[in-house]
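Note that the protein sequences, when read in sequence, are chains Z and B.
Take -8 as the starting number for the first sequence in the numbering used here and just add one per residue.
Take -8 as the starting number for the second sequence in the numbering used here and just add one per residue.
Number of protein chains: 2
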Amino acid sequence: MSDRHRLSLGPIATPDRLLLGPGPSNAHPTVLEALSRMPIGHLDPLYIELMGEVQELLRYVWQTDNRLTIPMSGTGSAAMEATIANMVEPGDSVLVAIKGYFGLRLADMAGRYRAEVHTIEKPWGEAFSLEEIEAGLKQYQPKVLAVVHAETSTGVLQPMEGIGDLCQKYDCLLLLDTVTSLGAVPLKLDEWKVDLAYSCSQKGLSCPPGLGPFTMGPRAEAKLNARSGKVPNWYLDVSLLNQYWGSNRVYHHTAPVNMNFGMREALRLLAEEGIENAWARHRSNSERLWAGLESLGLELHVPLERRLPTLTTVRIPEGVDGKAFSQHLLNKHGIEVGGGLGALAGQVWRVGLMGHNSRSENVDLLLNLLEQELPAFQNQASAVPVGAAV
Amino acid sequence: MSDRHRLSLGPIATPDRLLLGPGPSNAHPTVLEALSRMPIGHLDPLYIELMGEVQELLRYVWQTDNRLTIPMSGTGSAAMEATIANMVEPGDSVLVAIKGYFGLRLADMAGRYRAEVHTIEKPWGEAFSLEEIEAGLKQYQPKVLAVVHAETSTGVLQPMEGIGDLCQKYDCLLLLDTVTSLGAVPLKLDEWKVDLAYSCSQKGLSCPPGLGPFTMGPRAEAKLNARSGKVPNWYLDVSLLNQYWGSNRVYHHTAPVNMNFGMREALRLLAEEGIENAWARHRSNSERLWAGLESLGLELHVPLERRLPTLTTVRIPEGVDGKAFSQHLLNKHGIEVGGGLGALAGQVWRVGLMGHNSRSENVDLLLNLLEQELPAFQNQASAVPVGAAV
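Here it is in structure tokens:
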């Protein structure tokens, strides 16, 4: 045998970071405990009971009665693709409302499933009005409208009132990205008439990344059942997955049982806290952060009325090397803060306060570090000295 | 808010099972410790270092130099689909050698990616000869031949000598399912001229399910690079994944970091043991099991020369309710043993000795239980009394 690739390593020794970027966020300690339990079989009666608990609690945090509510066995991006793969048939008109990176991704995915993809676009930092959405629906007559509720790339929260009604008026399914809102930002799928949604495990749910909550309502189920051919993606085919998650319990793939142990604990904690309390906690800690940032003279990229309580985009002050400062936070203090993505690369930091991390002590810790250590990263040329504007 | 789905649950309380079925197998205790570490960011320099370690050690256990060797962020079935999704272009002739359930699945997947699917078939319990493979290659002139190395549904090990040479002779890529062989059964991808392979985390690697090791050699890379359109699967698109796993480190999806903590530890343990020692350990514990089963008068479904050292199919004796006995093992002793799948449903038990579970004490424990408790499940009509045939 060849020993060419036989590395000789010591045991893993990753540090405890405070993850205040766009995700992953820190997992709750009891979620990590659950994750480390000995696996059981994916057809074990005890596991099947646990699957039911996870489904039911996902319905609670999403505020939906959808029967087809399951965690996909991949990350949030897999759950995103599951919505597209199951819904789109070749030639279907799909309208994507793009106001950041994840809208672009939805359009890319829809094209791969041979949709006739149409887009409406807004600058990165803005949201869509009802009028803009209606104009798009009228013009493109789509079978599916894809909207990002919480744009992780910009920190914008899309107002949802009225969009579901418009979709029903134009006989179109509403697909909603709730990756950075589930468990943290008010979300009422059934009230909003959302037909398909997906999320991730590593943000508002305080679980490590690896599962992608997915839900599909009756109108979407009807479109799935009326497909003329197989879903062109075996792993994410909901008609097959439904036979495992439904009462038949037909083997599909070996479930990631430990990740689901963690998911059950994460959802249990949210149910214990109460979803409205979790929403309020995220709101109040973000308001504390926003006030603190502004009192340091820092500028927020998104106006208050459409600002996301889970992810705040902070404009990097002129004269500051944003990347050098975030590397300093990571290396010196073990704190991760995100950089800008796409159109906002180099322009903003992205600060996440999600799930278990949405706590006032984390806000205060970061504000103190910004106040004390950011000025050293500011060159002489800067017009707005940080920490001096109060 | 509606509290309709707000379950009030206690903390998770799954028992420690001994998993001697087709997988998941028990995880190694230090793998579970690694899994429960606090997540770090998927672009953290320390995580990027860990990614490199995982890639290098996967090359070691697979015995390949393939640059494109990564764990897919899903279970083994996702990695299976990744090989098909990236390789197949519409209209490509794909030949699947079917001798069990997982061959059928490969054919299903290839059809979804619009291959012109051809099959050669053998009864469940047999393997293909070189002549049968060559006849198929000659007849169908496929671009890809898909073969299952270790059929988990039947317990058959496919002999690999000569298949790679045949594929090169017929200008065809060789795609190999190594789900139930990686880390446990001799496997030499480069020597065997395998172009694409995939596996899972929860068998020979002693890690929980949730990751799908994937590898692609230079001939497969060339076919990927020559594609005329995008890979029709965003999540599993290796040309995108390569930008994250390669030197560019472009964000694709948020990696399942904790699962990769576990994977690194699982591979580290295998490198410490030495892959040849792990192969020999699996072989010797299975031989101990086979001898013991036969001395109890039980019949093995697969003849010795093509029997898989990780998964043994044991014929359920006439007059025994196989399901009742495996439920008894689970409920009374916390031991999971698998039932038959597909053509072998109701006919066999499937006994796995994989990874950390391949130990003589597990073999002896199961043999003792079979000897002492199986007779009570045998009705009077039985022709071959178990435990009496020695």
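Note that the Cβ used here is the ideal one computed from N, Cα and C, for glycine as well.
Please read these numbers as outputs of a predicted model, since none were measured by experiment.
Legend entry - Option nearest THR304 (chain Z) by Cα separation, candidates Z:ARG96, Z:VAL108 and Z:GLY116: Within the first sequence, residue 304 (chain Z) is the residue found at index 313, counting from 1. Comparing Cα-Cα distances from THR304 (chain Z) to each of Z:ARG96, Z:VAL108 and Z:GLY116, the minimum goes to Z:GLY116.
Inset, instruction - Could you tell me whether the stretch 242 to 252 of chain B touches the stretch 31 to 42 of chain B, using the rule of 3 or more Cβ pairs below 8 Å? - result: yes
Inset, instruction - Write down the C-beta distance between GLY201 (chain B) and PRO247 (chain B) rounded to the nearest angstrom, noting that I regard them as a contact closer than 8 Å. - result: The count along the second sequence starts at 1 and reaches residue 201 (chain B) at position 210. The count along the second sequence starts at 1 and reaches residue 247 (chain B) at position 256. Confirmed, Cβ separation roughly 6 Å.
Legend entry - Three-state class that DSSP yields for VAL377 (chain B) in the structure shown: The sequence position of residue 377 (chain B) within the second sequence is 386, counting from 1. Residue confidence for VAL377 (chain B) is low, a pLDDT of 47 falling below 50, so the modelled location carries little weight; the figure read from the coordinates is stated next. DSSP places VAL377 (chain B) in coil when its eight states are reduced to three.
Legend entry - Contact under 8 Å by Cβ, GLN132 (chain B) with SER(-7) (chain Z): On the second sequence, position 141 is the one that residue 132 (chain B) refers to. On the first sequence, position 2 is the one that residue -7 (chain Z) refers to. Not a contact, by the Cβ cut-off of 8 Å.
Legend entry - For ILE266 (chain Z), the first and last residue of its enclosing beta strand (DSSP E): Numbered from 1 along the first sequence, position 275 holds the residue referred to as residue 266 (chain Z). Looking at the DSSP string, ILE266 (chain Z) is not in any beta strand (DSSP E); the run it does join, the alpha helix (DSSP H), is 266 to 286.
Legend entry - Partners in chain Z for ALA18 (chain B), counting only beta-carbon separations shorter than 7 Å: Residue numbering aside, residue 18 (chain B) sits at position 27 when the second sequence is read from its first letter. Within 7 Å Cβ-Cβ: MET29 and PRO30.
Inset, instruction - Less than 8 Å between the CB atoms is what I'm expecting for ARG341 (chain B) and LEU302 (chain B), so what's the real figure, rounded? - result: In the second sequence, the residue the question calls residue 341 (chain B) occupies position 350. In the second sequence, the residue the question calls residue 302 (chain B) occupies position 311. With a Cβ gap of about 6 Å, ARG341 (chain B) and LEU302 (chain B) count as contacting.
Inset, instruction - Check whether the Cβ of SER84 (chain Z) lies closer than 8 Å to any Cβ atom in chain B. - result: Position 93 of the first sequence, counted from the first residue, corresponds to residue 84 (chain Z). False, the Cβ-Cβ gap to chain B never drops below 8 Å.
Legend entry - Distance between GLN149 (chain B) and PRO294 (chain B) (C-alpha atoms, nearest Å): Here residue 294 (chain B) corresponds to residue number 303 of the second sequence, with the count starting at 1. Here residue 149 (chain B) corresponds to residue number 158 of the second sequence, with the count starting at 1. Roughly 12 Å separates the two Cα atoms.
Legend entry - 8 Å contact criterion, which THR60 (chain B) and ARG50 (chain B) should meet: CB distance rounded: As a working mapping, residue 60 (chain B) is identified with position 69 in the second sequence. As a working mapping, residue 50 (chain B) is identified with position 59 in the second sequence. So it is a contact: roughly 5 Å between Cβ atoms.
Inset, instruction - Just the chain Z side, please: which residues come within less than 8 Å of MET100 (chain B) by C-beta, in chain order? - result: Counted from its first residue, the second sequence places residue 100 (chain B) at position 109. Near MET100 (chain B) (Cβ distances below 8 Å), the residues of chain Z are TRP225.
Inset, instruction - Over the uninterrupted alpha helix (DSSP H) stretch that includes ILE398 (chain B), give me the two end residues. - result: The question about residue 398 (chain B) has no answer, for chain B in this structure spans -8 to 381.
Legend entry - Cross-strand partners of TRP340 (chain Z) (DSSP beta bridge): On the first sequence, residue 340 (chain Z) is found 349 positions in, with the first residue counted as 1. Partner(s): Z:VAL305 and Z:GLY330.
Inset, instruction - Taking C-beta pairs closer than 8 Å, name the residues in chain Z that ALA246 (chain B) reaches, listed in chain order. - result: In the second sequence, residue 246 (chain B) corresponds to position 255, counting from 1. Under the 8 Å cutoff, chain Z gives THR66 and PRO200.
Inset, instruction - Look up THR21 (chain B) in the DSSP assignment and say whether it is helix, strand or coil. - result: Here residue 21 (chain B) refers to the residue found at position 30 when the second sequence is read from its first residue. In the structure shown, THR21 (chain B) sits in a helix (DSSP, three-state: H, G or I).
Inset, instruction - Check whether the stretch 227 to 244 of chain B touches the stretch 258 to 272 of chain B, counting contact only when three or more Cβ pairs, one atom from each stretch, lie closer than 8 Å. - result: no
Legend entry - 7 Å CB neighbourhood of GLU44 (chain B) in its chain, flanking five on each side removed: Position 53 of the second sequence, counted from the start, is the residue given in the question as residue 44 (chain B). Contacts found: ARG255.
Legend entry - Members of the stretch 247 to 272 of chain B near chain Z, C-beta cut-off 7 Å: PRO247, VAL248, ASN249, MET250, PHE252, ARG255, GLU256, ARG259, ALA262, ILE266 and GLU267
Inset, instruction - If I'm right that VAL147 (chain Z) touches ARG297 (chain Z) with Cβ under 8 Å, what's the distance once you round it to whole angstroms? - result: Indexing the first sequence from 1 puts residue 147 (chain Z) at position 156. Indexing the first sequence from 1 puts residue 297 (chain Z) at position 306. Between ARG297 (chain Z) and VAL147 (chain Z) the Cβ distance is about 5 Å, and since that is below 8 Å, they are a contact.
Inset, instruction - Step through the CB atoms of chain B and report whether any lies within less than 8 Å of the CB of ALA141 (chain Z). - result: Counted from its first residue, the first sequence places residue 141 (chain Z) at position 150. With 8 Å as the cut-off, ALA141 (chain Z) does not count as an interface residue toward chain B.
Inset, instruction - Look at the Cβ atom of CYS158 (chain B), then the Cβ atom of LEU167 (chain B), and state whether they are nearer than 8 Å. - result: The residue given as residue 158 (chain B) occupies position 167 in the second sequence. The residue given as residue 167 (chain B) occupies position 176 in the second sequence. No; because the gap between Cβ atoms is not below 8 Å, this pair is not in contact.
Inset, instruction - Would you kindly report the start and end of the unbroken beta strand (DSSP E) that includes HIS109 (chain Z)? - result: As a working note, residue 109 (chain Z) is residue 118 in the first sequence. 107 to 112 is the span of the beta strand (DSSP E), which, as asked, contains HIS109 (chain Z).
Inset, instruction - Can you give me the Cβ contacts of GLU123 (chain B) inside the same chain, cut-off strictly under 7 Å, excluding the 5 residues immediately before and after it? - result: By one-based count along the second sequence, residue 123 (chain B) stands at place 132. Answer for GLU123 (chain B): ILE111, listed in chain order.
Legend entry - ASP156 (chain B), DSSP secondary structure in three states: Taking the second sequence and counting its residues from 1, the one referred to as residue 156 (chain B) is at position 165. ASP156 (chain B): helix per DSSP, three-state reduction.
Inset, instruction - Going by DSSP, name the residue or residues bridged to ASP168 (chain B). - result: The count along the second sequence starts at 1 and reaches residue 168 (chain B) at position 177. B:VAL139 and B:TYR189.
Legend entry - Rounded C-alpha distance that separates PRO20 (chain Z) from LYS134 (chain B): Along the first sequence, one-based indexing puts residue 20 (chain Z) at 29. Along the second sequence, one-based indexing puts residue 134 (chain B) at 143. Straight-line Cα distance between these residues: approximately 49 Å.
Legend entry - Where LEU23 (chain B) meets chain Z, residues with beta-carbon distance less than 9 Å: By 1-based counting over the second sequence, the position of residue 23 (chain B) is 32. Those are LEU26, SER27, ARG28, MET29, PRO30 and ASN249, listed as they occur along chain Z.
Inset, instruction - Just tell me which of Z:HIS347, Z:GLU47 and Z:MET151 has its CA closest to the CA of HIS(-4) (chain B). - result: Along the second sequence, one-based indexing puts residue -4 (chain B) at 5. Of Z:HIS347, Z:GLU47 and Z:MET151, the residue nearest in Cα terms is Z:GLU47.
Inset, instruction - Check ARG103 (chain Z) in the structure and name its three-state DSSP category. - result: One-based indexing of the first sequence puts residue 103 (chain Z) at position 112. Helix.
Legend entry - Residues bridged to LEU291 (chain Z) [DSSP beta-bridge criterion]: As a working note, residue 291 (chain Z) is residue 300 in the first sequence. Answer by DSSP bridge pairing, in chain order: Z:VAL305.
Inset, instruction - Would you mind sorting VAL377 (chain Z) into buried or exposed? The rule is 16 or more other CB atoms within 10 Å of its CB. - result: Position 386 of the first sequence, counting from 1, holds the residue named residue 377 (chain Z). The predicted model places VAL377 (chain Z) with a pLDDT of 48, which falls under 50 and marks its position as unreliable; any figure quoted below should be read in that light. Counting Cβ neighbours within 10 Å, VAL377 (chain Z) comes out buried, since at least 16 surround it.
Legend entry - Cβ-based burial, SER219 (chain Z) [other Cβ within 10 Å; buried from 16]: On the first sequence, position 228 is the one that residue 219 (chain Z) refers to. So SER219 (chain Z) counts as exposed.
Legend entry - C-alpha gap between ASP228 (chain B) and SER68 (chain Z), whole angstroms: Along the second sequence, one-based indexing puts residue 228 (chain B) at 237. Along the first sequence, one-based indexing puts residue 68 (chain Z) at 77. In a straight line, the C-alpha of ASP228 (chain B) is about 12 Å away from that of SER68 (chain Z).
Legend entry - Exposed unless 16 or more other CB atoms sit within 10 angstroms - verdict on VAL381 (chain B): Sequence index remark: in the second sequence, residue 381 (chain B) carries index 390 (1-based). With a pLDDT of 34 at VAL381 (chain B), under the threshold of 50, the modelled position of this residue cannot be trusted; read the value that follows with caution. It counts as exposed.
Legend entry - Exposure label - SER199 (chain B); buried when at least 16 CB within 10 Å: The residue given as residue 199 (chain B) occupies position 208 in the second sequence. Looking at the sequence itself, residue 199 (chain B) is Pro, so the reference to Ser does not match. Result: buried.
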